[in-house]
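Read in order, the letters of the sequence shown correspond to residues 90 to 331 in this note's numbering. We put the beta carbon where it would ideally sit given N, CA and C, even for glycine.
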Amino acid sequence: MGAQARVARPITGPTTDWGRVVNAIDLGVLGVIALSAIFAFARGFVRETLSIVAWVGAALITLYGFNYVYGLVSRLVSTPLLADLVAGAGLFVVALILLTIITGYLARLVHSTSLSPIDRTLGLVFGLVRGAALVSLAYLVLDISLPPNDRPGWIRQAKSDPFLAQGADMLRGLLPQSLQIKSAAVADDAQRALERAKEAQKAMRALSSPVAPLPAKPGQDQGPNYKTGDRRDMDRLIENAR
C-alpha cells in the first residue's frame with residue numbers, strides 16, 4: 090500500500106518554502122543571464138567594455154557634432170525633418186563603425202597576450218551582472234506600469250519574482266533623487282489618496298456654503314405641508330402631553 094501511494098502521488102514540481110513554482114518566467118530569466126554570460130565569456134571583458142565605450146562615444150559624438158553635420162546636410166536636403174534624421178543617424182552610424190574598429194583592434198591585442206584567460210573570466214562575470222541588470226530593468230518597467238494585484242498569477246508565483254523585485258529596487262536606488270521612479274502600486278495608492286482628498290474638500294465646501302431654500306410660488310402656502318393622518322397623530326401627541 091505504501092509503495093502504491095507513493096507511485097500515485099502527483100508530481101507538482103519543485104517548490105520553495107512559500108509555495109512558488111518554477112515556470113516560464115524563471116526559465117526566461119535564467120536564459121537571458123546564461124546567454125549574456127556565454128556571449129561575454131566568448132568576447133572577453135575588454136571587448137565587452139570597449140563595446141560599451143564605443144556606443145557611448147558614438148552617442149556623445151552625435152550629441153556634440155550634430156549641429157555641424159546638420160549645417161552640411163541641410164544644403165543638400167530641403168526637408169528639415171529628413172535633414173535631422175540623415176544628420177543624426179548618419180553621424181551616429183559612422184562614429185559607431187569607426188569606434189568599433191578601434192576597440193576591436195585593442196581587444197585583439199589583449200586576446201593575443203597571456204591575459205586572455207583572465208579577460209575571459211572577467212567577461213563571464215561581466216555577462217552575469219549584465220544579464221541580471223537586464224532582467225531587473227525589465228521588471229522595473231513592469232513595476233512602474235502594472236500594480237502587483239493586476240499582474241498575472243504566473244508572474245507573481247515565479248520563484249525569481251522576489252529577486253527581480255530586489256534588483257529593480259537596486260536599479261531604482263541608483264537613479265538621482267529627482268529621477269526616482271515610483272512603482273505602480275505606490276502611484277495607485279497616491280492616486281486614490283488624491284481622489285479621497287478631493288472628495289473631502291468637496292464635502293467641506295458643501296457644508297460651509299449651505300444651499301438657500303427655493304422661493305415659494307405665488308399662492309402657495311409656505312408652511313409645512315402635512316398629510317391628514319400626520320396632523321391627527323400630532324394632535325393626539327399634543328393632547329397626551331397635556
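Q: Look at the alpha carbon of I122 and the alpha carbon of S201, and state the distance between them as a whole number of angstroms.
A: Taking the first residue of the sequence shown as 1, we reach residue 122 at position 33. Taking the first residue of the sequence shown as 1, we reach residue 201 at position 112. Distance between the alpha carbons of I122 and S201: 27 Å.
Q: Note down the Cα distance separating S234 from F252, rounded to an integer number of angstroms.
A: Position 145 of the sequence shown holds residue 234. Position 163 of the sequence shown holds residue 252. For S234 and F252, the distance between alpha carbons rounds to 19 Å.
Q) With a cut-off of 8 Å, do at least 3 Cβ pairs link the stretch 220-236 to the stretch 169-183? A) no
Q.
If the criterion is Cβ atoms closer than 7 Å, does the pair A129 and G216 meet it?
A. Residue numbering aside, residue 129 sits at position 40 when the sequence shown is read from its first letter. Residue numbering aside, residue 216 sits at position 127 when the sequence shown is read from its first letter. Yes, Cβ-Cβ distance for A129 and G216 is below 7 Å.
Q.
Contact defined as beta carbons within less than 8 Å: I believe L188 pairs with A143. What is the distance between those atoms, to the nearest angstrom?
A. As a working mapping, residue 188 is identified with position 99 in the sequence shown. As a working mapping, residue 143 is identified with position 54 in the sequence shown. Contact holds; Cβ gap of about 4 Å.
Q: Could you tell me which residues DSSP puts in a beta bridge with A247?
A: By one-based count along the sequence shown, residue 247 stands at place 158. V110, per the DSSP bridge assignment.
Q. When the Cα atoms are used, what is the spatial distance from S205 to G133?
A. One-based indexing of the sequence shown puts residue 205 at position 116. One-based indexing of the sequence shown puts residue 133 at position 44. Taking the straight line from one Cα to the other gives about 8 Å.
Q) Roughly how many angstroms lie between the CA atoms of I207 and V162, to the nearest whole one? A) In the sequence shown, counting from the first residue as 1, residue 207 sits at position 118. In the sequence shown, counting from the first residue as 1, residue 162 sits at position 73. If you take the alpha carbons of I207 and V162, they lie about 46 Å apart.
Q. Considering N156, what are the terminal residues of the alpha helix (DSSP H) in which it resides?
A. Mapped onto the sequence shown, residue 156 falls at position 67. Where N156 is concerned, the enclosing alpha helix (DSSP H) stretches over 134-162.
Q: Could you tell me whether the Cβ atoms of V111 and K248 are closer together than 7 Å?
A: One-based indexing of the sequence shown puts residue 111 at position 22. One-based indexing of the sequence shown puts residue 248 at position 159. Going by C-beta atoms, V111 is nearer than 7 Å to K248.
Q: Would you kindly check if the distance between the Cβ of S125 and the Cβ of R209 is under 7 Å?
A: Position 120 of the sequence shown, counted from the start, is the residue given in the question as residue 209. Position 36 of the sequence shown, counted from the start, is the residue given in the question as residue 125. In this structure, S125 does not lie closer than 7 Å to R209 by Cβ.
Q) In three-state terms, what does DSSP make of V166? A) The residue labelled residue 166 in the question sits at position 77 within the sequence shown. Here V166 sits in coil by DSSP.
Q | As assigned by DSSP and simplified to three states, the class of T189 | A | Here the question's residue 189 lines up with position 100 in the sequence shown. Reduced to three states, the DSSP call for T189 is helix.
Q | Run of the alpha helix (DSSP H) containing L217, from where it starts to where it stops | A | For this step, residue 217 is matched to residue 128 along the sequence shown. From DSSP, the alpha helix (DSSP H) with L217 extends over 205-234.
Q: Work out the CA separation of L149 and E137 for me, nearest whole Å.
A: The residue labelled residue 137 in the question sits at position 48 within the sequence shown. The residue labelled residue 149 in the question sits at position 60 within the sequence shown. Computed Cα separation, rounded: 19 Å.
Q) For S225, which option in L260, A176, G177 has the closest C-alpha, if you only look at C-alpha atoms? A) Numbered from its first residue, the sequence shown carries residue 225 at position 136. Ranking L260, A176, G177 by Cα distance to S225 puts L260 first.
(Q) Let me confirm a value: A113 is counted as buried when at least 16 other C-beta atoms fall within 10 Å, else exposed. Which label applies? (A) Residue mapping note: residue 113 aligns to position 24 of the sequence shown, counting from 1. So A113 counts as exposed.
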